[in-house]
Every structure is written in C-alpha cells, then in structure tokens.
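Student:
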Amino acid sequence: MSDFRSGSDVELFEPYDPQAIEPKWQQYWRDQGTYEVDNDDPRPRYYVLCMYPYPSGAAHMGHVRNYTFGDLLTRYRTMSGDAVLSPMGFDSFGLPAENAAIKTGRHPRAFTDERIEQLRSSITRIGGVYDWRREVKSHDPSYMRWTQWIFLQFFENGLAYRKAAPVNWDPIDQTVLANEQVLADGTAERSGAVVEKRDLEQWYFRITDYAQQLLDDLDQVDWPERVVTQQRNWIGRSEGAEFRMGVVTAEGQPVLSAEGSTPLEFSVFTTRPDTAFGMTFCVLAPEHPLVSQIVSEPLRDKVEAFVTLARSTSEIDRLSTDRPLADRGCFTGAFATNPFTGDAVPIYLADYVLATYGTGAVMAVPGEDQRDWDFAGIFDLPIVHTVQRPEGWQGEAFSGDGPHINSPSSELLPPAGDLDLNGLNTVDAKNAAMDWLEASGCGERKVNFRLRDWLLSRQRFWGCPIPIVYCDACGIVPVPLDQLPVLAPDDVEFTPTGQSPLLSHEGFLHTTCPQCGAPARRETDTMDTFVDSSWYYLRFTDPWSEDVPFRQDQLAQWMPVDQYIGGAEHAVLHLMYARFFTKALSDLQVLPADLREPFQRLFTQGMIRLDGAKMSKSKGNLVAPEEIIDTLGADALRLSHLAVKPPEEDVDWEDVGLEGCHRFLMRLWRLAVPGSDLTADLRTGEAQSVDAAIERATHVLIDGISADFDRWSYNVAVAKFMAFLNELYRYVQAPEQAHGPTLQASVDTLLKLLAPACPHMTAELWAARHVEQGDQVLPDAEPAHVHTTAWPVANPELLLQESVTLVVQINGKVRDRIEVAPDADEAACLAAALESDKVRQQLQGAEPHRVIARPPKLVNLLV
RNA sequence: GCCCGGGUGGCGGAAUGGCAGACGCGGCGGAUUCAAAAUCCGCUGUCCUUACGGGCGUGUGGGUUCAAGUCCCACCCCGGGCACCA
C-alpha cells in the first residue's frame, strides 16, 4: 500500500484497502438481495445475460472481461430504474470432467461440483452481482428432467428422429460430433483430432425444417454483422432447379431396376439450369445408392475399388484440393439422358460430390464451371460453351453473365423443341429453363441449404441421458414423462479405454418397456451439451417450477433477452441451436407464439490473448485474475478491462493498463474520502464563476457517461472519468481554493457515475461520506447505498458552456481560436474573427470573397 | 477465391464531414525527500526556427467538398470467418 502522506504527519484519513472493502460489499449485496428481482416487480423489465460458463475452476481473464461488461450493465440499468434480471448458472456437463474421471477414477459430479464452487466464488470476487436464487446447472436433476422433457416433445412431434448416416467420429473423445463441431480442415473443434467418417445410427434434431426461418429472422435481431454473416454462410441457401435424368446404356437403351420393371433415374440439383444445354457429363457421389445398379460389368471392379477408396479416405484428404483430379473421379460405364438435349452423357463418380448435399448428383457443364472444366480436361470430355464470352476473354470456364448460345445449338433438334435460351441473359435463361422443366414435368424449382440436421447423440457418460428405451416388440419407446429424469447411475467405473461406462452398466442398460412391460434396453448415448445450453435462458425466468419447465406468463414478461453477452466463437454453434429451440418450442406452443428469437441484442466481446508473441514468459503468470484482485483489487481490474480497448476487440494482456487505473482509483479515494488533506480547507459562501464551471463540467460528464454506457464506449467513458478527476484536482489545488458544496456535489456525482464500473470503492466512499458521519445527512435525502441511488440526469441548461471556442480558418487552415458566447450568431462570429490580430495579419488587408460560418464553433474565410 | 473487420505518435487508443492525437502507458523535466520509491505539477506527432511563428502529417493513388481520419473510386497490407455446397 502506497502512502501519499509525508512520513511524520499524523494519519488524516483511512487508506484505500480493497482487500477489506471488496468482500464486505460483496457480502452486503448478497445479504440484502440487492440484485434479486421478483417476477412481480413493477419496474420496467430488462433481461441481461452473460453466456453461462463451463465450470472450469477459478475464473480466467476471459470471464473477467465478459462479466465486467454484464455487471456494469446490470448495475447501470438498475440505477436507471429498471428491474434487471441478471441470472447466472453453469453449463456443467461436458468432457473435461469425464476425462478427469478417467484419469483419477473420481466421479465427474464431485469434480464438477468442486469446480462450480470455485468459479462461483471467483465470479463473486470480480464483483459480479446476480440473482443467485435462480442459478441453474445443466447436471442438476431438476434441470435434466426438463431437458429430457423437451427432447421428448421434439420426439413426439417429429423434430427428434433416428437415422443411419455417415457421421463425424472423434477418435480422441470417442464420440460422434455435429457438423458444427468439425472445423473446415476436418479436425474436431474441441479435441483437435482428425475426424473420421463412420456409418452409424444416431439421434438428430430436425433443424433443417427451420433453415429458411433461421435465415429470414436474422433481419429482426440487433446482432453484430459479423455473427449474422457467419450464420448466413452456415445456413447456405441456394436457389436452383432439380430435375430427373434417366439412366441408359452406351447403346442408348434404358437401364431397368433390379426388379426389372422401372427404368432407373436419378435427380440432379443445379443453380445454373440455364447452362443445361452445355452438360457433357454428370457426376454422382461415390456413396450414391444407384452406383452399384448402374455400373457396367466390365468396369465393376474398378468402380467398386474407387468407391471403397473414397469411403475410406479421411475427410481431411477428401477435402484437400491438391490431390490430382485423375485420382478423384471414375467412369461408371453408364450414361444418362440430358432432358434438354436428349443426348446421352456419361456418368462419372467423383469424391468431391457430396452425398449429403442436394441429391448427391450433379450435372457437369465444363464451359461455365471451372471445376467441371478441369475434370473434363483430365477425362477428355467435350466442352460446349452456352454463354457468349466477353471480348478478349482469356480464362477457361466462364461463370459470368452474357447472352446464351448453343441453347440449343442450331444443328440440334431437341426434345425441348419450344425452349430457346439463345440470346437471353443468365436471369432470364434460368427462369425460362425452370419454367420449361416444370411444364414438361422433368423437374422443378428447388431451394437447397448447406445446413444439416443437428446430430445430438454423444457416446459419453457425463451428459444428459437421452430418455429412450428400445424394445424388441415396440421399437423406439419414449420414457414416460412421470419417470423423468432418467439419471445415470453413480456406481460406475471409468476405464482408461475412454468408453462410456453406461455401455457396460447392467443396472442402467436393462429395463422394461414402458409400453408392453417386456425386457428392454436403455439408450446409452447422452445429449450434446449444446442441448443443455439451448434453453437455459428460458429456465432463468422461472427456475422454481416443479411441474413445468417455465411458465408462459413469466416468459412473456422477461423474454426475449434484452442484452446477451458472450464470445464470438459461438456464432454458429450455441447461437444457432438456441434460435432453433426457441422457434421449435414456440411452434409446439410451449413458448409464447410471438417469441421467435431468444436474444434481441447480442454483444460479442473480444478475446484476451495471453500467449501471443508479445507475451513474455516472465509475464506469463501475471494473468490470474485472483492474483490481481489480491493486490490491486477487483475495481482496478474491472476498470482496466473497460479502459483498454473498445469491448468488441481482441486484447493483448500486456496492453491492459492496470497501473493507470489503480492510480486513478487512489487519486479518487484521496479526493473523496472524509478527512482528506485535499479537502481540509474549502471555501464556503456564494459560488463563483470557477465553481460554476465545475458544476457545468459535472453535468457534461453525466451526459457523456450516460451516452457512452448506452453505446458501449466504455474505454471512452473511462477516459472521461480520468479527465474529470484531473480537472477536480486542478480545482482543489488552485490558489483560490475550491468551493465546498460545489466540490462535494461533483464528487458525489462522480461516485454515482462510476458505481457500475467500480462498485466496491464507490459504495465504500458513498457510505463513508453519507452514512458514517451521522450529522451530515445529504440535503436531498439520498439512499445510503450508492447502488440504490438514482442515475444522475444532466440539467440541459448546464450543458451549455459559458463560452465556446470559435475556430477561425482562412482557406480551410486554422489561424486562430477565439472565445465567444455560446449563442453568438454568424455576424458576431465573423466580427470577432475579423478583429483577431492573427487573422488580420494573415489577410493582409484582403477581403474574404466568401465566408462559411457554423456559429458558434467555426468560421472559414476564403480569400 | 468469396465475405466481414481494421490500418491514426514509441505503445493501447480518441475524434455526429468542422481545432487530428482525448485518456492511459512509456519518456523527459520540475517540486517534495538526506536519498529512493510513492505522491504532486508540467512537457511530450514530426520537421524548420534562438524565438515569434510556420511547413508537413491519419496505409497508397485519385476524386467530391469552403472543409475529409471520416464520404466516393481504385489499390496495398494486416486480422478473422467461409470455401470442391453443384
């Protein structure tokens, strides 16, 4: 603790001791229930939510940053008169606890509960205030019950289903993953393992039913453009046409199905139906179900070898573009009829055609698609141009717009006799081609999405069990609602193999069928933890309900979340899933019909970089928040996070200016604490013009801070606090002395404005100034606790300065600055400008031929 | 390749089209001290000038405007996301 009194002086005032005051106020807010809010609160409602954390033990700097923003908003809105719902909970299922159990043999629940305890205490030490009565935990049976209930609602309504498909398998975490959890390079987002493809039967949520709504409703939320764009990309809507092509032999004879009755055909999806006259071959995915039926006998061995190879190639290799194209495709010996031309075109297989997108088959138009062009070059296939190249075109395939040609070509007498795209541009040709497809019955307009259904099963123990029973007689049977929650047993052993102990737990595995009573088998998979986090924000509105997951009237009161705060890394994971849950539950009439989006405003804060090149080893251990709280205190830590950068930007830890913030707090303490040397000798009596200037500056500050808080310009707000305190220091140290009432009112206002950012120190100083000196009760009878005072409102009359600086420019260059009255008009400003010595010197007697005046701030003279 | 951000002092950054560099860090100087730390006060874009002053300056090149860090066009660089999606 530094000491700003000279050694021999007696102690005048209490030193700033964050270690003493911070725990005291944290206890006070908890005891008083200052930030508990009831559902019948008459004040206007505001729901602020930080993404609930995975309990990883003590808080790290990312938590500090996140919760500082959220907590500031909670306290600011509360002082502004709102009933603020600010809940906190824990996303407490997940692999770290299970991996720890595999290592130590300890049950994941014990591990998790311990970590929750640590994190809760850590969050409290940061100064975060929450309505802890509403705390929810994913692994709490009273929460799991409703997670399972929602699953069953989805199951009953066809939104949860089981299917066999090639899925992403993570060999390290030993579980399947959703597409969203696999990175573009084919590695797992969590474990970093190279993901394998396996054919498994798994549970899915039908999120694709909502693809269009998930896309459309992005217009209704107030979210960062970046996140909206990422969601749009992920949903990946594309418009085009789907049409059927009949399979024929090399001789042009239709190929019949195995039963011999129906001719084989398949569908292709294309976004460029206008170029269909240029199709010279088509390509199926190796996994396409028709492959084995259409392959010509001489090529069967070769094709089967190719399919086997493609299926066993890892995703990472299959997506790699540097493998030679010749190895990636294979001719089937079969042909298909292009309905536009009547021509038979060869059918190829290629591993880059994805079985899971569109129809798993594409038409290939090398003239207008570069990948098809490359493929045609390798396999020596013809190329037809269907769009006129622009003058001087040097490239290969041309995907731009232009008049269509060869559509049909002049020598061809097409089956599409009445279809002529020649001369049309792309848009018109597309429409004409699609009209023709629909009229002729060959195909139709079609919209495809990149978004796939959400694979939710996980082969893990520490997650919410899927409440399903398999019965030989009845099939897939949901566990009856009155038997929820299905809980995993406690007497489990975690083996080093990593396999879920549920698979080998006889007591859990064997049950009876709820429908027929026969012996049956339980589902051993648990749910993706993103299921838990897809609805927790709903439960916060009414976490006490025993008979329902939440109540419609409470939801209507609080939802949607007014301000959601979290990391941008959840742009397409959690945020997409939660939006889907809200829409689906609303359609199932579990949520209010008009609740279609869960999070009205989203703020994504930047990340803290600790390990960048800039971070030296010796500083590496400076980043534990608790160590900083132990020394400088939580208020300095919070303030430094606010000050360092705009909140949405990433932060290098070394840029966080703790010293400056700590110095500021020490200076404030010294000025505001009762008995300060700085305020020992204050002037009384009438206020003078210097005092009026301080009063005006105070109101300018009120105005500025309120605006900065509203627009999340926290770094600018901190700068204003510091500048204002500097001004007060100059004021109290000036020879003519500061005016007592003016100074104290300004300091009080400063304490209020700073209270959301630095809650402990402001509470302590406020109490010291207004409570502990019992004989000095505030004139306007303010509450004794700064956080329950009303947010100050600036007096508009005091926002006008006594004089303003008039900038005088000559030919756009600043030549002088003159103080003028704030209400000076154009004539007065011009007169003042022309009187200036500097201006006269510059003008040298010349007359300005034009004057631009923006009274009272600027005059520009043109000569 | 496509889509988002972003390039301002030694550093982090500020600036409804109207004084570029607020505020902080760092640096320099002064006060205080036996001394140091802490504290308090001041200076701190750059070049020319003893000074008074003045020139130049927000990634590059153009443009609009009385006036551009801010708006428009073209380009360069950095960060992030997406990417064989037919």
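Number 39 in this note's numbering belongs to position 12 of the first sequence; there are no gaps in the numbering.
We treat Cβ as the ideally placed atom computed from N, Cα and C, and that holds for glycine.
Everything numeric in this text was worked out from a predicted model, so none of it was measured.
What does DSSP give as the partner residue(s) for residue 473 in the beta ladder?
Tutor: What you label residue 473 is simply residue 446 of the first sequence in a count that begins at 1. Answer is 267.
Student: Within the chosen definition, does the region 161-175 reach the region 601-610 through at least 3 CB pairs nearer than 8 Å?
Tutor: no
Student: If you follow the beta strand (DSSP E) that residue 652 is in, where does it begin and where does it stop?
Tutor: Position 625 of the first sequence, counted from the first residue, corresponds to residue 652. Note, residue 652: premise wrong, no beta strand (DSSP E); alpha helix (DSSP H) at 652-658.
Student: Say yes only if the C-beta of residue 179 is nearer than 6 Å to one or more non-hydrogen atoms of the ligand NAP, and no if none qualify.
Tutor: As for the ligand NAP, it is missing from this structure, which has no ligand bound.
Student: Under 7 Å between the Cβ atoms of residue 479 and residue 206?
Tutor: Start at 1 with the first residue of the first sequence, and residue 479 comes out as number 452. Start at 1 with the first residue of the first sequence, and residue 206 comes out as number 179. The beta carbons of residue 479 and residue 206 sit closer together than 7 Å.
Student: Between the beta-carbon of residue 842 and the beta-carbon of residue 866, is there less than 7 Å?
Tutor: Counted from its first residue, the first sequence places residue 842 at position 815. Counted from its first residue, the first sequence places residue 866 at position 839. Less than 7 Å separates the beta-carbon of residue 842 from that of residue 866.
Student: Just the Cα atoms here: how many angstroms apart are residue 179 and residue 609?
Tutor: What you label residue 179 is simply residue 152 of the first sequence in a count that begins at 1. What you label residue 609 is simply residue 582 of the first sequence in a count that begins at 1. Cα-Cα distance, rounded: 16 Å.
Student: Which residues in the same chain have their Cβ closer than 7 Å to the Cβ of residue 570, if we skip the five residues on either side of it in sequence?
Tutor: Taking the first sequence and counting its residues from 1, one reaches residue 570 at position 543. Only 161 and 163 meet the Cβ criterion.
Student: Cα-Cα, which of 680, 116, 150 and 834 is closest to residue 53?
Tutor: If you number the first sequence from 1, residue 53 lands on position 26. The shortest C-alpha separation from residue 53 is found at 150.
Student: What are the complete beta strand (DSSP E) segments, minimum 3 residues, inside the region 61-96?
Tutor: As for any beta strand (DSSP E) of minimum length 3 sitting wholly inside the region 61-96, the runs are 72-77, ordered along the chain.
Student: How about residue 624 and residue 334: are their beta carbons less than 7 Å apart?
Tutor: Your numbering for residue 624 matches position 597 in the first sequence. Your numbering for residue 334 matches position 307 in the first sequence. Not a contact, by the Cβ cut-off of 7 Å.
Student: State whether the region 820-827 contacts the region 686-700, with contact taken as three or more CB pairs (one from each stretch) at a distance under 8 Å.
Tutor: Taking 8 Å as the limit for Cβ pairs, the verdict is that the region 686-700 does not touch the region 820-827.
Student: Rounded C-beta distance between residue 312 and residue 211? I'm assuming under 8 Å.
Tutor: Residue mapping note: residue 312 aligns to position 285 of the first sequence, counting from 1. Residue mapping note: residue 211 aligns to position 184 of the first sequence, counting from 1. In this structure, residue 312 and residue 211 do not form a Cβ contact; the two beta carbons are roughly 20 Å apart against a cut-off of 8 Å.
Student: First and last residue of the beta strand (DSSP E) that includes residue 196?
Tutor: The residue you call residue 196 lines up with position 169 of the first sequence. Its beta strand (DSSP E) spans residues 187-197.
Student: Identify whether residue 642 lies in helix, strand or coil by the three-state DSSP scheme.
Tutor: As a position in the first sequence, residue 642 is number 615, starting the count at 1. Low confidence applies here, because residue 642 scores a pLDDT of 37, under 50, leaving its location unreliable and the question unanswered by this model.
Student: Roughly how many whole angstroms lie between the Cα atoms of residue 197 and residue 445?
Tutor: Residue 197 sits at position 170 when you count from the first residue of the first sequence. Residue 445 sits at position 418 when you count from the first residue of the first sequence. Rounded to whole angstroms, residue 197 to residue 445 spans 54 Å at the Cα level.
Student: Relative to the C-alpha of residue 665, which residue among 100, 556 and 522 is closest?
Tutor: Numbered from 1 along the first sequence, position 638 holds the residue referred to as residue 665. Among 100, 556 and 522, the Cα nearest to that of residue 665 belongs to 100.
Student: Do the CB positions of residue 165 and residue 139 come within less than 7 Å of each other?
Tutor: Here residue 165 refers to the residue found at position 138 of the first sequence. Here residue 139 refers to the residue found at position 112 of the first sequence. No, Cβ-Cβ distance for residue 165 and residue 139 is not below 7 Å.
Student: Please look up how many angstroms separate the CB atoms of residue 533 and residue 497, rounded, as I've assumed it's under 8 Å.
Tutor: The count along the first sequence starts at 1 and reaches residue 533 at position 506. The count along the first sequence starts at 1 and reaches residue 497 at position 470. The pair is not a contact, with the Cβ atoms about 15 Å apart (cut-off 8 Å).
Student: Give me the Cα-Cα distance between residue 621 and residue 245, rounded to the nearest whole angstrom.
Tutor: Taking the first residue of the first sequence as position 1, residue 621 is located at position 594. Taking the first residue of the first sequence as position 1, residue 245 is located at position 218. Each residue's Cα considered, the two are about 15 Å apart.
Student: Do you know how far the Cα of residue 452 is from the Cα of residue 422?
Tutor: For the purposes of this step, residue 422 is taken as residue 395 along the first sequence, with counting starting at 1. For the purposes of this step, residue 452 is taken as residue 425 along the first sequence, with counting starting at 1. So the alpha carbons of these two residues sit roughly 20 Å apart.
Student: Quick one: residues in its chain with C-beta nearer than 7 Å to the C-beta of residue 708, no 5 flanking neighbours on either side, listed in chain order?
Tutor: Start at 1 with the first residue of the first sequence, and residue 708 comes out as number 681. Result list for residue 708: 764, in chain order.
Student: As a quick exercise: from 265, 876, 485 and 403, pick the residue whose alpha carbon is nearest that of residue 385.
Tutor: Indexing the first sequence from 1 puts residue 385 at position 358. Considering only alpha carbons, the answer is 265.
Student: Going by Cα to Cα distance, which pick from 296, 691 and 280 is closest to residue 289?
Tutor: As a position in the first sequence, residue 289 is number 262, starting the count at 1. If we check each option's Cα against that of residue 289, 280 comes out closest.
Student: Thinking C-alpha only, which one of 170, 114, 130 and 50 is nearest residue 574?
Tutor: Counted from its first residue, the first sequence places residue 574 at position 547. If we check each option's Cα against that of residue 574, 170 comes out closest.
Student: Between residue 155 and residue 94, is the Cβ-Cβ spacing less than 7 Å?
Tutor: Against the first sequence, residue 155 aligns to sequence position 128. Against the first sequence, residue 94 aligns to sequence position 67. Contact flag set, yes.
Student: Let me make sure I understand the geometry here. Which of 828, 283 and 417 has the alpha-carbon closest to that of residue 429?
Tutor: If you number the first sequence from 1, residue 429 lands on position 402. Minimum Cα distance to residue 429 is reached at 417.
Student: Given 8 Å as the limit, is there contact between the region 515-527 and the region 117-134, that is, 3 or more CB pairs closer than that?
Tutor: yes
Student: Using a threshold of 7 Å, state whether the C-beta atoms of residue 500 and residue 545 are closer than that.
Tutor: By 1-based counting over the first sequence, the position of residue 500 is 473. By 1-based counting over the first sequence, the position of residue 545 is 518. Contact: yes.
Student: Could you check if residue 286 is buried or exposed, using at least 16 other CB atoms within 10 Å of its CB as the buried criterion?
Tutor: Here residue 286 corresponds to residue number 259 of the first sequence, with the count starting at 1. Residue 286 is exposed by the Cβ-count criterion.
Student: By Cβ distance, which residues of its chain are closer than 7 Å to residue 712, with the 5 residues on each side in sequence left out?
Tutor: Against the first sequence, residue 712 aligns to sequence position 685. Nothing meets the Cβ criterion.
Student: For the alpha helix (DSSP H) holding residue 688, just list the boundary residues, first then last.
Tutor: To locate residue 688, count along the first sequence from 1; it is residue 661. Counting along the chain, the alpha helix (DSSP H) containing residue 688 begins and ends at 685-699.
Student: Would the beta-carbon of residue 856 fall within 7 Å of that of residue 886?
Tutor: Within the first sequence, numbered from 1, the residue matching residue 856 stands at position 829. Within the first sequence, numbered from 1, the residue matching residue 886 stands at position 859. In contact: residue 856 and residue 886 (Cβ atoms closer than 7 Å).
Student: So is residue 492 buried or exposed if we call it buried at 16+ other beta carbons inside 10 Å?
Tutor: By 1-based counting over the first sequence, the position of residue 492 is 465. Buried, by the Cβ-count rule.
Student: Could you tell me which of 216, 406, 668 and 86 sits nearest to residue 309, measuring between CA atoms?
Tutor: Along the first sequence, read from residue 1 onward, the residue named residue 309 stands at position 282. The option with the nearest alpha carbon to residue 309 is 406.
Student: Do residue 403 and residue 378 have their C-beta atoms within less than 7 Å of each other?
Tutor: Numbered from 1 along the first sequence, position 376 holds the residue referred to as residue 403. Numbered from 1 along the first sequence, position 351 holds the residue referred to as residue 378. Contact check for residue 403 against residue 378 fails: the beta carbons are separated by 7 Å or more.
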